[in-house]
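Here the structure is laid out as structure tokens; the discussion comes afterwards.
As structure tokens, then:
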């Protein structure tokens, strides 16, 4: 369970998040959507513990984030965060790095090695797994980073734009399946930022829409349809919620009278 | 009835190639001296006493004594040799038996080797105490370090005894007494240390190891190493901080008194404490904030009116206290007159105590502080080793 209580954040003058209250129940897969620069990564960073909010606090399974040393370490054991741009050790092989990440989370060695083998096969990295990461292409680096997030098997995953970064169609399909599988499980909670409505529509149980530092909607797709008064696909519902004038602006652009 | 090996301590003799090299070196220098004397038609003893020649002998004898001390510890002390230590763990060896490779404590062969070096020093117009002193300092200092590494409390006693040798009042018999006590503490500490073998946390329990080490696996990349559920750093206890501060203060006092005495006659300016206080405060802030930054910038603080962010600004409390203490200490020292060395040492010790014991601990700060982790390019992570995707 992830809970944000009156969370506000700003880096300088402009508020990025303002009085955010959010509750993601255990076992749910929530997707965060919103226009560029609206604070999605900041929200995920705050949940993941990468930064402390300027106001408010975060609770993970009832434990307050950065409350005490012991609770913080307990929370860290239960959560893994995949940022949009992770930094990978270039000198290690993919398999070595995955082992290092698994060891950070004290995953049983046999289980870890077996899981790494299966992950490398799933993301078509079996041949590349024993090469240094510096020899990987951008898409392969993204794949190995995703494997790194999955390898600790933590009950909470926070994923920032996992579908971007040059993933090939088969990797997108694999990740989509993995996330769908997680969404069906009751013991894994996932919070994911994504700008790809087709993926969100398929895997997310609830969708959070951020705009102007506020949550303007947080509901199932049907709930969002009801809220927006639009019965179309997620992109249409999203546009209706975030920028109701978009469709009219498009029309007006193409129907401009000729000079 | 079992008897100890009669020639066990013979293992400590320097390796033959070292002895041969040393003898050849001495022979060459002597030959050159005799040659110079013959060519210049001078008395060889006059050439031996020449300043340049004496320096050559000093370097050779000092290096030989130093090498022998390092060899004695590096070759025979299990704490210096991981392979030896691991092998000993698996063997039926106990502290009641002699160490298989040879003793690490002083034996008569050491006296013979150092005595021979002293005799050569006498022959070469060099103070015979030079090789004795070099060997004693390196062997004793090394043993003190190794006792600390193996978690022996004897290193703390030695830490207080060593600087006493610098005090002018300790010349003559008091000096001899201190050296005897030093040797006795080293011997007893070493025996006790061997009884505790295998040393469970070699290097982790010495009193000078503070909470600076960062746990986790730094090579797991960003942000895994930053958000790692493993954090091995442990805070320094108040007792450890107190002892370390007293020890540092005592060293400072002895050094101060030594430098103020003839022939050096150097006096620490009181500003030294102030400079140290400011530098230490800066160093602590840098250490604590190396990989992190404030949750929002100064402009954000000004605009929102939140000039103080308690969750972040607590990191500045101890450094501020250290700077204030250094300023007050500076004033006190300037008015202490004849008590100046004592006042300086006291203030110095107090500064260290505040630095070590002042909160928050590094662990508490990293895990509970209201801060933001920097991304690798900003936190100056080695860009050759890590790359963003």
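Residue numbers (this note's numbering), protein chains in the order written: chain G, 8 to 266; chain X, 39 to 427.
Ideal placement from N, C-alpha and C gives every residue a C-beta, glycine not left out.
Model, not experiment: these values are computed from the prediction.
Whole-angstrom distance between residue 134(G) and residue 216(G), CA atom to CA atom:
To locate residue 216(G), count along the first chain from 1; it is residue 209. To locate residue 134(G), count along the first chain from 1; it is residue 127. One C-alpha to the other measures close to 40 Å.
Check whether chain G comes within 8 Å of residue 373(X), counting only Cβ atoms and requiring the distance to be less than that.
Against the second chain, residue 373(X) aligns to sequence position 335. For residue 373(X), the answer is no, since every Cβ of chain G falls outside 8 Å of its Cβ.
In the DSSP assignment, find the beta strand (DSSP E) that holds residue 294(X) and state where it starts and stops.
Within the second chain, the letter at position 256 stands for residue 294(X). It is not in any beta strand (DSSP E) - residue 294(X) instead sits in the alpha helix (DSSP H) that spans 276-298.
Identify each residue in the stretch 327-346 of chain X for which the Cβ-Cβ distance to at least one residue of chain G is less than 7 Å, and report them in chain order.
With the criterion set as a beta carbon lying under 7 Å from some beta carbon of chain G, the members of the stretch 327-346 of chain X are 333, 334, 335, 337, 338, 341, in sequence order.
Could you tell me the boundaries of the alpha helix (DSSP H) in which residue 313(X) lies?
Here the question's residue 313(X) lines up with position 275 in the second chain. Counting along the chain, residue 313(X) sits inside the alpha helix (DSSP H) bounded by residues 309-326.
Below 7 Å CB to CB, which residues in the same chain sit around residue 72(X) once its five sequence neighbours on both sides are set aside?
To locate residue 72(X), count along the second chain from 1; it is residue 34. The residues are 82.
When 268(X), 108(X), 84(X) are compared against residue 112(G), the one with the closest alpha-carbon
Locating residue 112(G) in the first chain gives position 105, where the first residue counts as 1. Of the listed residues, the one whose Cα sits closest to residue 112(G) is 268(X).
Keeping to the same chain, check which residues put their C-beta closer than 6 Å to that of residue 200(X); ignore five residues upstream and five downstream.
In the second chain, counting from the first residue as 1, residue 200(X) sits at position 162. Nothing meets the Cβ criterion.
Between the alpha carbons of residue 445(X) and residue 365(X), how many angstroms are there, rounded?
The structure shown has nothing for residue 445(X), since chain X only spans 39 to 427.
Is the CB of residue 254(G) under 8 Å away from at least one CB in chain X?
Residue 254(G) sits at position 247 when you count from the first residue of the first chain. No, no contact with chain X.
Quick one: list the residues of chain G neighbouring residue 29(X), beta-carbon separation under 8 Å, in chain order.
Residue 29(X) cannot be examined here, being either before or after the span of chain X that is shown, 39 to 427.
Within 10 Å of its beta-carbon, does residue 94(G) have 16 or more other beta-carbons around it, so buried, or fewer, so exposed?
Translated into the one-based positions of the first chain, residue 94(G) becomes position 87. Looking at its Cβ environment, which holds 16 or more other Cβ atoms inside 10 Å, residue 94(G) is buried.
Helix, strand or coil: which one does DSSP assign to residue 469(X)?
Since the first and last residues shown for chain X are 39 and 427, residue 469(X) lies out of range.
What residues in the stretch 36-61 of chain G have a beta carbon less than 9 Å from any beta carbon of chain X?
52, 55, 56, 57, 58, 59, 60, 61
If residue 166(G) and residue 185(G) are in contact, beta carbons under 8 Å, what's the gap, nearest whole angstrom?
One-based indexing of the first chain puts residue 166(G) at position 159. One-based indexing of the first chain puts residue 185(G) at position 178. Actually they are not in contact, since the Cβ atoms of residue 166(G) and residue 185(G) sit about 11 Å apart, beyond 8 Å.
Kindly list the residues whose CB is nearer than 7 Å to the CB of residue 173(X), restricted to its own chain and excluding five residues on each side of it in sequence; keep chain order.
Counting from 1 along the second chain, the entry for residue 173(X) is found at position 135. Hits under 7 Å: 103, 106, 107, 152.
List, in chain order, every chain X residue whose beta-carbon is nearer than 7 Å to that of residue 79(G).
In the first chain, the residue the question calls residue 79(G) occupies position 72. Proximity of chain X to residue 79(G) at the Cβ level (cut-off 7 Å) is accounted for by 405, 406, in chain order.
On the three-pair Cβ rule with 8 Å, is the stretch 80-100 of chain G touching the stretch 130-147 of chain G?
yes
Tell me the rounded alpha-carbon separation between residue 208(G) and residue 241(G).
Translated into the one-based positions of the first chain, residue 208(G) becomes position 201. Translated into the one-based positions of the first chain, residue 241(G) becomes position 234. Cα to Cα, the separation comes out at about 7 Å.
Looking at residue 190(G) and the ligand FAD, is the gap between the Cβ and the nearest heavy atom below 7 Å?
This structure simply doesn't include the ligand FAD, nor any ligand for that matter.
Rounded Cβ spacing between residue 57(G) and residue 411(X) (contact assumed at less than 8 Å):
As a working mapping, residue 57(G) is identified with position 50 in the first chain. As a working mapping, residue 411(X) is identified with position 373 in the second chain. The Cβ separation is near 5 Å, so the contact holds.
Helix, strand or coil at residue 262(X) [DSSP, three-state]:
Locating residue 262(X) in the second chain gives position 224, counting from the first residue. DSSP, reduced to helix, strand and coil, places residue 262(X) outside both helices and strands of the structure shown, so it counts as coil.
Go ahead and pull the three-state DSSP assignment for residue 80(G).
Within the first chain, the letter at position 73 stands for residue 80(G). It is helical.
Pair within 8 Å by beta-carbon distance, residue 20(G) and residue 347(X):
The count along the first chain starts at 1 and reaches residue 20(G) at position 13. The count along the second chain starts at 1 and reaches residue 347(X) at position 309. Not a contact, by the Cβ cut-off of 8 Å.
Please classify residue 155(X): is it buried, with 16 or more other beta-carbons within 10 angstroms of its beta-carbon, or exposed?
If you number the second chain from 1, residue 155(X) lands on position 117. Label assigned to residue 155(X): buried.
Sequence-distant residues of its chain with Cβ nearer than 6 Å to residue 53(X) (five each side left out)
Along the second chain, one-based indexing puts residue 53(X) at 15. Contacts found: none.
Straight-line gap, residue 248(X) to residue 272(X) (C-alpha atoms, nearest Å)
By 1-based counting over the second chain, the position of residue 248(X) is 210. By 1-based counting over the second chain, the position of residue 272(X) is 234. Confidence at residue 248(X) is low in this model, with a pLDDT of 34, below 50, so the placement of that residue is unreliable and no value is reported for it.
Nearest chain X C-beta to residue 126(G) closer than 8 Å, yes or no?
Counted from its first residue, the first chain places residue 126(G) at position 119. It does not: the Cβ of residue 126(G) has no partner Cβ on chain X nearer than 8 Å.
Between the Cα of residue 353(X) and those of 371(X), 380(X), 322(X), spot the shortest distance and give me the residue it belongs to.
Locating residue 353(X) in the second chain gives position 315, where the first residue counts as 1. For residue 353(X), the nearest C-alpha among the options comes from 322(X).
Identify the contact partners of residue 76(G) in chain X, using a Cβ-Cβ distance below 7 Å as the criterion.
For this step, residue 76(G) is matched to residue 69 along the first chain. Chain X residues near residue 76(G): 401, 402, 405, 406.
Chain X partners of residue 88(G), CB-CB under 7 Å?
Within the first chain, numbered from 1, the residue matching residue 88(G) stands at position 81. Residues of chain X passing the Cβ test: 261, 265.
Taking 8 Å as the threshold, find out whether the stretch 147-167 of chain G comes into contact with the stretch 80-88 of chain G through three or more Cβ pairs.
yes
Which same chain residues end up closer than 7 Å to residue 255(G) when comparing Cβ atoms and leaving out the 5 residues on each side of it in sequence?
By one-based count along the first chain, residue 255(G) stands at place 248. Excluding the 5 residues flanking it on each side, residue 255(G) has no same chain C-beta neighbour closer than 7 Å.
Does chain G have any CB closer than 8 Å to the CB of residue 409(X)?
Along the second chain, read from residue 1 onward, the residue named residue 409(X) stands at position 371. So, interface residue.
Own chain partners of residue 33(G) with C-beta closer than 7 Å, once the 5 adjacent residues on each side are dropped
In the first chain, residue 33(G) corresponds to position 26, counting from 1. Hits under 7 Å: 8, 196.
Residue 20(G): contacting residues in chain X (beta-carbon distance under 7 Å)
Stepping through the first chain from its first residue, residue 20(G) is reached at position 13. Going along chain X in sequence order, the residues near residue 20(G) (Cβ under 7 Å) are 337, 338, 341.
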